[in-house]
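Start counting the sequence shown at 1; every next residue gets the next number (UniProt numbering). Glycine included, every Cβ here is placed at the ideal spot set by N, Cα and C. Taking it in order: structure first as structure tokens, then the write-up.
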Amino acid sequence: MALRLVFQTLTHFRDIWASLSLLLLLMRFVAGLTEGQQFLNRLGMSPVYDDIVVPKLGTAFHDVSTIHQLTPKEKNWLSIWRDYASAAYGDVTQGWNCKACLKPILDTTELPVVLKNQDNTCKITLSINRQLQTIVVAFQGTQNVEGLRVDVNAFRVDWPSSGSGEKAPNAHFAGAQVHSGFFHSYKSIKLFPTVLDVYLDRCSDCSLAFVGHSLGGAQATISMADTLERRPELSPFTALYTFNAPRVGDLKFAQAVHDLGPLVIRVVNKKDFITTLPPKSGGFFHVGDEVWIKDDTMSLYCKTTRDEPENPRCSLSWPRDTYLPHIRDHSIAWGEPIGEQSWMSWKVFFSYIWKQVRPVLPGAAKTMMSASH
């Protein structure tokens with residue numbers, strides 16, 4: 001009888017312990033969901049089953065303060081798009097097997113298709129990521145001498161008109177101007193809108209993410225604007241993520257992108273010089289909010305406004321003369337290289353130096369010739 005009582009007592013305590021353990025696990029699970037939901041809310045996203053995330057990309061990334069320190073989860077989210085920007089440099093025509101392609105989440109990418117123009121100054125990789133429920137449009141950065149000519153062709157051209165009146169498709173862009181080289185190199189791939197529409201039909205419930213590094217980021221910006229001009233109903237489901245990209249257009253262009261309402265985030269690594277070009281004195285402005293990787297321990301999210309598309313408290317707070325020794329910053333984000341060839345940053349850098357030096361070379365040559373006589 002005593003043994004039975006002891007056994008019943010132990011069984012009772014075991015059941016209590018099991019119940020408490022189950023309750024503890026449930027509390028931890030709910031806490032995890034709450035934490036995850038808070039982050040998703042800050043991203044403007046909604047969770048669904050099987051850990052798949054469906055972005056609602058038309059809302060703000062974070063709307064609590066003007067500047068805040070990036071959280072680890074926010075950094076991880078942006079790192080996904082950094083890796084897609086890196087994958088754009090790889091050759092995926094024979095399969096999705098580049099170095100960045102095999103990273104977690106990217107390794108679930110489907111249906112990659114590559115479009116590029118004749119001189120390879122614009123290369124676009126379209127794909128679908130079912131885990132993110134997103135169509136990804138990734139642009140490659142500068143890779144050859146012809147690409148340098150695109151970079152230095154920094155004259156501003158009018159955004160093309162496609163209608164008239166306030167209800168015209170391009171009413172937001174009326175009077176806007178953009179970088180000639182970036183615009184014409186992107187427009188040279190005339191098949192892109194048709195191919196994108198095929199992807200949108202194939203994944204009708206997908207969001208749309210444009211990504212790119214350097215020149216690729218500039219072309220991604222123009223491509224997103226061009227797409228939303230053509231199909232403005234996509235704006236609430238569209239995002240743009242650029243990495244160490246130069247300025248693209250004037251203030252009217254930046255304001256037009258802001259008015260359309262897509263999520264636009266540009267990442268600047270430390271003192272990358274390329275992000276200060278073309279100069280604001282030439283009438284160029286960045287678009288969207290900035291994530292500034294200030295150093296290896298701190299990244300800041302910097303909100304911008306329609307009237308002030310560049311936050312002066314972030315990367316612009318560094319004195320300009322301190323950028324030059326840090327060209328290596330151009331091809332890195334959060335310690336990882338973007339693309340498989342680190343020397344591309346030097347090509348972009350010297351292309352802009354040449355743009356500045358070239359106009360004075362004839363006069364300098366004449367001066368030298370006069371001195372020799």
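Query raised in the report: Can you tell me the Cα-Cα spacing of Phe243 and Ser214, whole angstroms?
Result: 6 Å
Query raised in the report: For residue 388, which three-state DSSP category applies?
Result: This structure leaves residue 388 out entirely; the chain is present only between 1 and 373.
Report task. Tell me where the beta strand (DSSP E) around Val257 begins and ends. Result -> Where Val257 is concerned, there is no enclosing beta strand (DSSP E), although the alpha helix (DSSP H) it sits in stretches over Leu251 to Leu260.
Query - Residue range of the unbroken alpha helix (DSSP H) whose run includes Trp159 - result: Trp159 -> no alpha helix (DSSP H), and no H or E assigned at all.
Requested in this report: Identify the continuous alpha helix (DSSP H) that holds Pro72 and give its terminal residues.
Outcome: Pro72 to Ala87
Query - Reference Ala87; option with closest CA among Thr93, Cys98, Val268 and Trp77 - result: Cys98
Query raised in the report: Sorry if obvious, but does the Cβ on Ile105 come closer than 7 Å to a heavy atom of the ligand COA?
Result: This structure lacks the ligand COA, and indeed carries no ligand of any kind.
Report task. Assign Gln177 to one of three DSSP states: helix, strand, or coil. Result -> strand
Query raised in the report: Apart from the five residues on each side of it in sequence, which residues of its chain come closer than 8 Å, Cβ to Cβ, to Ile67?
Result: Leu300, Tyr301, Cys302, Lys303, Asn311, Arg313 and Cys314
Query raised in the report: Could you give the distance in angstroms between the alpha-carbon of Thr109 and the alpha-carbon of Asn129?
Result: 5 Å
Query raised in the report: How would you label Thr93, buried or exposed, when you count the other beta carbons within 10 angstroms and need 16 or more for buried?
Result: exposed
Query raised in the report: If we ignore side chains and look at the alpha-carbon of each, how far apart do Ser204 and Leu132 end up?
Result: 13 Å
Query raised in the report: Identify the residues that DSSP records as bridge partners of Trp292: which are they?
Result: Val268 and Leu300
Query - Cα-Cα separation, Thr194 to Cys206 - result: 17 Å
Query raised in the report: Could you give the residue range of the beta strand (DSSP E) that holds Leu102?
Result: Run containing Leu102: none; DSSP gives neither H nor E here.
Query raised in the report: In terms of alpha-carbon separation, which member of Gly95, Cys101 and Trp96 lies closest to Ser79?
Result: Cys101
Query raised in the report: Would you say the region 169-189 touches the region 235-253, given that touching needs at least three Cβ pairs under 8 Å?
Result: yes
Report task. Give me whichever residues DSSP pairs with Val211 in a beta bridge. Result -> Ala138 and Tyr241
Query - Cβ-Cβ distance between Phe285 and Gly249 below 8 Å - result: yes
Report task. Can you grab the Cα-Cα spacing for the pair Gly44 / Leu196, in whole Å? Result -> Because Gly44 carries a pLDDT of 38, less than 50, the predicted location of this residue cannot be relied on, and the following value inherits that uncertainty. Cα-Cα distance, rounded: 24 Å.
Report task. Return the chain-ordered list of same chain residues with a C-beta closer than 6 Å to the C-beta of Asp295, the five sequence neighbours on each side being excluded. Result -> none
Query raised in the report: So is Glu336 buried or exposed if we call it buried at 16+ other beta carbons inside 10 Å?
Result: exposed
Query raised in the report: How is Leu263 classed by DSSP in three states: helix, strand or coil?
Result: strand
Requested in this report: Could you pull out every residue in the same chain whose Cβ sits closer than 6 Å to the Cβ of Asn117, ignoring the five residues on either side in sequence?
Outcome: Ser188 and Ile189
Query - Which listed residue (Met298, Leu200 and Asp91) has its alpha carbon closest to that of Thr125 - result: Asp91
Query raised in the report: Comparing alpha-carbon positions, which option in Gln140, His184 and Thr142 lies nearest Pro160?
Result: His184
Report task. Return the residue from the list Thr275, Ile105 and Cys122 that minimises the CA-CA distance to Phe192. Result -> Cys122
Query raised in the report: Starting from Thr125 and walking both ways along the beta strand (DSSP E), at which residues does that stretch end?
Result: Lys123 to Asn129
Query - Local conformation of Thr275 per DSSP, three classes - result: helix
Report task. Would you list the one or two residues that DSSP bridges to Ala333? Result -> Glu336
Requested in this report: Identify every residue that forms a DSSP beta bridge with Val248.
Outcome: BP columns for Val248 are empty, so no partner.
Query raised in the report: Would you call Asn269 buried or exposed, if buried means 16 or more other Cβ atoms sit within 10 Å of its Cβ?
Result: buried
Query raised in the report: In three-state terms, what does DSSP make of Thr227?
Result: helix
Requested in this report: Return the CA-CA distance between Leu111 and Ser281, expressed in angstroms with no decimal places.
Outcome: 43 Å
Query raised in the report: How about Asp272 and Asp329: are their beta carbons less than 8 Å apart?
Result: yes
Report task. Would you kindly work out how many angstroms separate the C-alpha atoms of Asp107 and Tyr84, rounded to a whole number? Result -> 11 Å
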